[in-house]
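In the working numbering, the protein residues as written are 465 to 608.
Think of the CB as a built atom: it goes at the ideal place given N, C-alpha and C, for glycine as much as any other residue.
Treat the numbers as computed from the prediction; the structure is a model and nothing was measured.
Here is the structure we will look at, set down as structure tokens.
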Ligand SMILES: Nc1ncnc2c1ncn2[C@@H]1O[C@H](COP(=O)(O)OP(=O)(O)O)[C@@H](O)[C@H]1O
Ligand SMILES: [Mg+2]
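Rendered as structure tokens:
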């Protein structure tokens, strides 16, 4: 939950959530971090597909990184690193060394960021809440 969302919007389909991700991609720079929270099935991966599309990456490349901890998608104006911490406990998440990821050449999108043990300064928070079958309330926070 973001106390100071700069944008709160409803989407009514997966495609609309992807479109929002695509818009957010415009601000991505090397080292950008997007923390995406929300329950299972909220649409976090859908949003990441939009980020990819907005960077010029084939959104079909984006899958749920269940067994691979970090997915790396190339072919766009920036590399996109995609991490899903769902199955990790906090100690394991710490070992991933996520602070070092992305800073060089890409942007980093993290699902289940509550598993992180340390703050990632400058990260953009996106929180997705399930309203009903097809409706999601999406809050985009300011960077901090
Ligand atoms: N407005 C919406 N935005 C995003 N996904 C939606 C929406 N409405 C329904 N869905 C469905 O919810 C599911 C979201 O899946 P996914 O993006 O993998 O979620 P998460 O990564 O948060 O677990 C998909 O099956 C998608 O079709
Ligand atoms: Mg997911």
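Give the C-beta separation of residue i and residue j to the nearest angstrom, bearing in mind that I take them to be a contact with Cβ-Cβ under 8 angstroms.
i, j, result
"residue 549", "residue 579", "4 angstroms"
"residue 590", "residue 602", "7 angstroms"
"residue 482", "residue 523", "7 angstroms"
Do you know how far the Cα of residue j is from the Cα of residue i?
i, j, result
"residue 552", "residue 476", "30 angstroms"
"residue 592", "residue 577", "13 angstroms"
"residue 598", "residue 478", "8 angstroms"
"residue 480", "residue 473", "11 angstroms"
"residue 517", "residue 595", "25 angstroms"
"residue 547", "residue 471", "24 angstroms"
"residue 498", "residue 508", "11 angstroms"
"residue 504", "residue 512", "14 angstroms"
"residue 469", "residue 535", "28 angstroms"
"residue 600", "residue 528", "19 angstroms"
"residue 582", "residue 607", "16 angstroms"
"residue 554", "residue 562", "12 angstroms"
"residue 486", "residue 558", "29 angstroms"
Taking all protein chains shown into account, do 16 or more other C-beta atoms lie within 10 angstroms of the C-beta of residue i, making it buried, or fewer, making it exposed?
i, result
"residue 588", "buried"
"residue 459", "Because the chain is modelled from 465 through 608, residue 459 falls outside the range shown and cannot be assessed."
"residue 510", "buried"
"residue 514", "buried"
"residue 556", "exposed"
"residue 540", "buried"
"residue 586", "exposed"
When you compare the CB positions of residue i and residue j, do they come within less than 8 angstroms of one another, or not?
i, j, result
"residue 584", "residue 560", "no"
"residue 521", "residue 545", "no"
"residue 571", "residue 496", "yes"
"residue 604", "residue 519", "no"
Can you confirm whether residue i, when its beta carbon is compared against all beta carbons of chain D, has any partner nearer than 8 angstroms?
i, result
"residue 605", "Note that chain D does not occur in the displayed structure, where there is just one protein chain."
Notebook entry, point to check: With distances taken from each beta carbon to the nearest heavy atom of ligand 2, which residues come in below 7 angstroms, in chain order?
Noted result: 508, 509, 528, 548, 575
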